[in-house]
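**Q**
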Amino acid sequence: MASSLQIYAGRHERFNDIDLLIITSMVIDFIHEHQSTYHSLAESVKYWEENITGYAPGIILLNLDEELYQDAARHAFLLVLSEVRAKLASFGGSIPIESLKSLAMYRLWGGYKKITFSQPQRTDRLLATVANLEKLVGDFSTLPANKA
346 MASSLQIYAG RHERFNDIDL LIITSMVIDF IHEHQSTYHS LAESVKYWEE
396 NITGYAPGII LLNLDEELYQ DAARHAFLLV LSEVRAKLAS FGGSIPIESL
446 KSLAMYRLWG GYKKITFSQP QRTDRLLATV ANLEKLVGDF STLPANKA
């Protein structure tokens, strides 16, 4: 399985591509649904959508150092991740295929499906991905001084 390296504030973490595509799609969808609240992430969403559109195995680049440079954007991203975590928990043990097919990645890919799901995806694995993203971005004790 392909994985992509994500870097933030000198730290890094490798993520499974499928899991990262699902979580990033859920983040994009949530931000679109709540644009007025998360306006600080509007440009980041455009970047992440372009990245998903051009997806190739092992080459997901969320560009977190640039996209979350401002404290307000980092804080908003962490809030969105908590909403994604709650959404994942609401599915119980797995996300149905129909729900996966409604995510941003399928809309962005149009008629060409780069990935197809033959079975529901386990939420425990996806919740671990959210937790690892939160840990990567959210450990404020090791970040440089406020850049806002």
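As numbered in the numbering used here, residues 346 to 493 make up the sequence shown, in order.
Glycine included, C-beta positions come from ideal geometry on N, C-alpha and C.
Everything numeric in this text was worked out from a predicted model, so none of it was measured.
Is the distance from the Cβ of Q466 to the Cβ of I405 below 8 Å?
**A** It is not a contact, given that the beta carbons lie outside the stated cut-off.
**Q** Pick helix, strand or coil for N477, following the three-state DSSP scheme.
**A** Three-state DSSP puts N477 in a helix.
**Q** Just how far apart, CA to CA, sit N361 and N477?
**A** Taking the straight line joining both Cα atoms gives about 11 Å.
**Q** Whose C-alpha, out of A417, G355, S349, is nearest the C-alpha of T339?
**A** Any answer about residue 339 is impossible in this case: the structure gives the chain only from 346 up to 493.
**Q** E428 to K391, Cα distance in whole Å?
**A** Cα to Cα, the separation comes out at about 20 Å.
**Q** What residue from R452, S463, A473, L453 has the CA that sits closest to A431's CA?
**A** If we check each option's Cα against that of A431, A473 comes out closest.
**Q** Let me see if you follow: with CB-CB separation under 8 Å, is E388 close to chain D or not?
**A** In the structure shown, chain D does not exist; there is a single protein chain.
**Q** Are the beta-carbon atoms belonging to S385 and A421 less than 8 Å from one another?
**A** Contact flag set, yes.
**Q** For H379, name the three-state secondary structure that DSSP assigns.
**A** H379 falls in the coil class under three-state DSSP.
**Q** If M346 and I397 are in contact, beta carbons under 8 Å, what's the gap, nearest whole angstrom?
**A** Contact doesn't hold; Cβ gap of about 17 Å is too wide.
**Q** Quick one, which of Q464, S463, R470, K459 has its alpha-carbon nearest A401's?
**A** Cα-wise, what sits closest to A401 is K459.
**Q** Relative to the C-alpha of I373, which candidate in S444, L407, S447, W393 has its C-alpha closest?
**A** Here the closest residue by C-alpha is W393.
**Q** Do L424 and V475 have their C-beta atoms within less than 8 Å of each other?
**A** Cβ atoms of L424 and V475: not closer than 8 Å.
**Q** Is the separation between the beta-carbon of Q464 and that of L409 shorter than 8 Å?
**A** No, they are not a contact pair.
**Q** Check each candidate in Q415, A387, E378 and name the one with the smallest Cα separation from V482.
**A** Among Q415, A387, E378, the Cα nearest to that of V482 is on Q415.
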